[in-house]
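See below for the structure under consideration.
Written out as structure tokens, the structure reads:
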């Protein structure tokens, strides 16, 4: 009887442990490493910090998000690949770099598509924009939403550029994006792809004569120190895409998936709100520190728009032409739509 009692007691204890262990499994804990190349205080990282706070709070700390800004985990391409392979869980690259992984996104690499951010939001938030994000699943990535880098402008080390012909022979740092490179080559520039962490030193040492990025990134990365002649060309609207590893995301409970998606939506809303005023604020700071920022006249801006017409005619059939036409139509961009009909 005594031995039987010990066996029964042991069985109960084992069952209790199994039930307790099961409850731990049901309450899985995770750490999400979220890497990006943007400086810590920039608007994007303010949005990503909100994302981290909301996920941690709503999961009672079961899911912890660690944000790694400022290229701590590598350049954009390296972090996309790391997210694909599950070495990190999340990243938010420029759509230009991401297009190397999903060719349908190359349409956003064409210049002067969007006249303003409101038009870009309308297109990105449409069914067309959602459809384009969904295609990333084939690359092992889930897109949680369209982030925003902003409109790209020129920053030069030696004098102001106002017309396309001023770019003749200029060594311009670009991303490793085929359509970006092709456009600058089409107007006579010498595009020079460099990983973002290399840009500051390359400008200092004269490896390149200029760089193109949104004001905020130019300033926060201190690129406006060696390249302090800026021109507001707004030649490309540069969305970012908030990505998460597909296997990791699909392995979460539906409730946790919903929490992550809603937190990403909140991050996008915050980024867009902050972006409304940040360019003017940063521009004022650049000028206060001795930089020169030049606005284009209507005639000069039209010259830039016209400079891209031959590029569209030559390159439209190198991407998903139907998608490009759909984006242009949704943006109300008749100039380039007529050029490639």
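In mature numbering (1 follows the signal peptide of the UniProt record, and there is no 0), the protein residues as written are -26 to -1, 1 to 315. Built from N, CA and C at the ideal position, the CB exists for glycine as well.
With burial defined as no fewer than 16 other Cβ atoms inside 10 Å of the residue's Cβ, what is the status of residue i: buried or exposed?
i	result
residue 59	exposed
residue 28	buried
residue 149	buried
residue 227	exposed
residue 18	buried
residue -4	With a pLDDT of 34 at residue -4, under the threshold of 50, the predicted position of this residue should be treated as unreliable, though the coordinate-derived value follows. Burial call: exposed.
residue 250	exposed
residue 247	exposed
residue 272	exposed
residue 159	exposed
residue 139	exposed
residue 308	exposed
residue 229	exposed
residue 104	exposed
residue 108	exposed
residue 287	exposed
residue 43	buried
residue 134	exposed
residue 171	exposed
residue 220	buried
residue 7	buried
residue 261	exposed
residue 255	exposed
Quick one: what does DSSP say residue i is sitting in, helix, strand or coil?
i	result
residue 139	helix
residue 199	coil
residue 222	helix
residue 15	coil
residue 81	helix
residue 214	strand
residue 267	strand
residue 207	strand
residue 30	helix
residue 295	helix
residue 65	strand
residue 73	coil
residue 86	coil
residue 133	coil
residue 303	helix
Nearest-angstrom Cα distance between residue i and residue j?
i	j	result
residue -1	residue 244	Note that residue -1 scores a pLDDT of 44, beneath 50, so its modelled location is shaky; the value from the coordinates is reported in the next line. Their backbone Cα atoms lie some 32 Å apart in a straight line.
residue 79	residue 168	21 Å
residue 318	residue 23	The structure shown has nothing for residue 318, since the chain only spans -26 to 315.
residue 266	residue 285	29 Å
residue 302	residue 313	11 Å
residue 175	residue 197	9 Å
residue 304	residue 65	28 Å
residue 164	residue 123	24 Å
residue 143	residue 113	37 Å
residue 298	residue 57	27 Å
residue 263	residue 177	18 Å
residue 222	residue 116	10 Å
residue 93	residue 211	10 Å
residue 15	residue 315	44 Å
residue 294	residue 224	29 Å
residue 283	residue 242	32 Å
residue 45	residue 311	37 Å
residue 180	residue 231	47 Å
residue 118	residue 84	23 Å
residue 77	residue 131	33 Å
residue 236	residue 280	41 Å
residue 136	residue 11	29 Å
residue 3	residue 218	17 Å
residue 100	residue 81	16 Å
residue 204	residue 274	15 Å
residue 192	residue 202	10 Å
residue 21	residue 199	26 Å
residue 97	residue 106	11 Å
Which residues mark the beginning and the end of the beta strand (DSSP E) in which residue i is found?
i	result
residue 6	4 to 9
residue 146	145 to 148
Can you tell me where the alpha helix (DSSP H) holding residue i begins and where it ends?
i	result
residue 233	228 to 262
residue 283	283 to 289
residue 130	Here residue 130 belongs to no alpha helix (DSSP H); instead the beta strand (DSSP E) covers 115 to 130.
residue 97	91 to 98
residue 107	101 to 108
residue 308	308 to 313
residue 155	152 to 160
Report yes or no: is there a C-beta of chain E within less than 8 Å of the C-beta of residue i?
i	result
residue 88	The chain labelled as chain E is not found in the depicted structure, where only one protein chain is given.
Quiz prompt | Completely contained alpha helix (DSSP H) runs for the stretch 35 to 63, where each covers 4 or more residues | solution = 50 to 59
Exercise. List in chain order: all unbroken beta strand (DSSP E) runs of 3+ residues lying wholly within the stretch 163 to 194.
Key: 164 to 167 and 184 to 187
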